[in-house]
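**Q**
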Amino acid sequence: MIYANIFVPLRRMIPTIEYIQTHFDAYNTRFFDGALPPLPIRLSHAKGFLGKLTFTRRKQGLFRGYHNENFVLRINVRIDYPEELLQDTILHEMIHYYIAVNQWRDTSTHGQLFRREMARINAEGNRHISISHRLTEEQRKQVVIHKLRAVALVRFADGKIGIKIVPNQPQHIRYWQRAAMRRMPITSIEWYLSDNDFFAHYPSSVALRVFLIPHPEDLPLTDSDRMIG
Ligand SMILES: [Zn+2]
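When you read off a place in the sequence shown, starting at 1, and then add 249, the result is the number in the numbering used here.
#1: Where does H207 sit, in a helix, a strand or coil, going by DSSP?
#2: Are the CB atoms of R198 and K301 nearer to each other than 8 Å?
#3: Looking only at its chain, what residues have a beta carbon closer than 7 Å to the beta carbon of Q270, apart from the 5 residues adjacent to it on each side?
#4: Any idea which residues DSSP pairs E439 with across the strands?
#5: Just to confirm my understanding: we take I266, look at its own chain, exclude 5 residues before and 5 after, and list those with CB closer than 7 Å. What are they?
#6: Any contact between the segment 459-467 and the segment 407-414? By contact I mean 3 or more CB pairs, one from each, below 8 Å.
#7: Hey, which unbroken runs of the beta strand (DSSP E) at 3 residues or more fall wholly within the segment 284-340?
#8: Who are the Cβ neighbours of F280 in its own chain at under 6 Å, not counting the five residues just before and after it?
#9: Which residue from R313, A401, L285 and V455 puts its Cα closest to that of Y347?
#10: Identify which residue in L335, P469 and K413 has its Cα closest to the Cα of Q247.
#11: DSSP three-state label for G411, please.
#12: Which of the three DSSP states, helix, strand or coil, is assigned to R261?
#13: Measure the alpha-carbon distance for A428 versus E439 and round it to whole angstroms.
#14: Are there three or more Cβ pairs, one per stretch, closer than 8 Å when the segment 338-346 is compared with the segment 373-391?
#15: Could you check the C-alpha separation between D474 and V400 for me, to the nearest Å?
#16: By how many angstroms is the C-alpha of E333 removed from the C-alpha of F312?
#17: Alpha helix (DSSP H) containing N277: first to last residue?
#18: Less than 7 Å between the CB of H345 and some heavy atom of ligand 1, yes or no?
#19: Looking at the unbroken alpha helix (DSSP H) that takes in Q361, where does it start and where does it end?
#20: Per the DSSP calculation, V392 is bridged to which residue(s)?
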């Protein structure tokens with residue numbers, strides 16, 4: 250077994266829209282004759298997939314079959330990818346897009362059409378695209394998965410500010426919000442979702458315990474991490 254991550258320093262990266270767009274455009278020209286129309290690209294924090302192409306299948310009249318439309322390409326950003334794997338993930342989803350936008354019907358999700366295109370691009374581009382949407386055991390050793398934490402920023406009546414990390418599930422967040430407001434002299438609670446490793450140093454639980462932060466302005470929390478509602 251070869252542990253590539255020990256002997257070869259892999260360049261790991263968290264994808265950005267710009268990176269995905271640039272590579273989408275280059276691969277479109279190189280592997281698909283520029284046939285893929287532009288589509289919205291989104292970054293996802295969901296669990297369970299590297300990349301995902303979503304679209305709607307609209308029925309066209311009674312006998313004319315279906316038409317695929319409203320395509321969106323999603324790439325998971327919980328994962329710090331080796332660059333090769335990120336590129337193969339973009340290409341994998343582009344093959345799905347190529348098949349769907351041409352209104353072709355494959356024999357299954359990764360059926361004959363998909364495998365034909367995958368084999369072609371792997372050969373032409375010396376790539377290692379696979380039919381999996383998840384990390385293999387070997388890939389799992391090469392990536393860093395960022396955990397998304399629910400962070401409560403708590404303001405007390407006496408002006409002190411603290412944080413509490415709660416398991417990232419709606420029922421735990423609701424429970425903690427209700428219990429804390431009832432039992433502690435709190436004026437407000439703001440919720441954030443953060444993958445910053447700073448918060449790994451705090452226990453995640455529903456215990457009614459808040460860690461006071463002497464310099465809250467230094468907390469790595471941004472408006473874009475703020476949970477709405
Ligand atoms: Zn797939």
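Backbone N, C-alpha and C define an ideal beta-carbon position, used for all residues, glycine too. Computed from a prediction, not measured in an experiment: that's the story for all the values here.
**A** To lay it out plainly:
#1: The structure shown does not extend to residue 207, since the chain is modelled only from 250 to 478, so the question has no answer here.
#2: Because the chain in this structure spans residues 250 to 478, residue 198 falls outside the shown range and cannot be described.
#3: I290
#4: L402
#5: I290 and L292
#6: yes
#7: 290-293, 300-308, 315-325 and 328-331
#8: I370
#9: L285
#10: The displayed coordinates of the chain run from 250 to 478. Any statement about residue 247 would go beyond what the structure contains.
#11: strand
#12: strand
#13: 15 Å
#14: yes
#15: 10 Å
#16: 43 Å
#17: I266 to F281
#18: yes
#19: Q361 to G374
#20: Looking at the DSSP assignment, V392 forms no beta bridge with any residue, so it has no partner.
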